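With this note's numbering as the guide, the letters of the sequence shown map in order to residues 502 to 584. By construction, the Cβ of each residue, glycine as well, lies at the ideal position given by its N, Cα and C atoms. For clarity, every value in this text was computed on a predicted model and none was experimentally measured.
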Amino acid sequence: MNHRPKSGYKVTYVPFKDGKPAGQSVYALTDFLHADEKAQGRPVGVILNMTGALLVSEDVGKVIWRVSGVPRTQQVRFIRGSW
Numbered sequence: 502m503n504h505r506p507k508s509g510y511k512v513t514y515v516p517f518k519d520g521k522p523a524g525q526s527v528y529a530l531t532d533f534l535h536a537d538e539k540a541q542g543r544p545v546g547v548i549l550n551m552t553g554a555l556l557v558s559e560d561v562g563k564v565i566w567r568v569s570g571v572p573r574t575q576q577v578r579f580i581r582g583s584w
């Protein structure tokens with residue numbers, strides 16, 4: 502059974518210290534779900550790469566999103582998978 506309203510269509514960062522939550526959570530990636538509840542994507546996995554960027558896989562568009570602290574003037578590159 503699916504939840505109404507839909508939930509879970511964002512990635513949240515929680516800071517940890519000594520293995521325990523140590524601060525407020527913040528959204529790292531949002532807007533996967535439109536106001537009409539149509540999914541643009543659904544995050545299913547996250548990992549940090551060697552540069553510290555967050556890689557997020559999603560199973561609606563079959564896309565891997567790369568999230569990093571780059572200047573706003575830098576273009577975002579998308580990596581498409583084939584599964």
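C-alpha gap between residue i and residue j, whole angstroms
i      : j      : result
Lys539 : Ala529 : 20 angstroms
Arg505 : Asp537 : 12 angstroms
Gly520 : Ser526 : 15 angstroms
Ser508 : Gly542 : 12 angstroms
Thr552 : Gly570 : 11 angstroms
Trp566 : Pro522 : 25 angstroms
Lys563 : Gly524 : 32 angstroms
Trp584 : Pro544 : Any reading at Trp584 must be qualified, since the residue scores a pLDDT of 44, below 50, and its modelled position is unreliable; the value itself is stated next. C-alpha separation (whole angstroms): 15 angstroms.
First through last residue of the beta strand (DSSP E) which encompasses residue i
i      : result
Ser558 : Leu555 to Glu559
Leu530 : Val527 to Leu530
Gly546 : Pro544 to Leu549
Arg567 : Val564 to Val568
CB of residue i within 7 angstroms of CB of residue j, strictly
i      : j      : result
Val557 : Val547 : yes
Tyr510 : Leu534 : yes
Leu549 : Val568 : no
Identity of the residues DSSP links to residue i by a beta bridge
i      : result
Thr513 : Tyr528
Ala540 : Leu534
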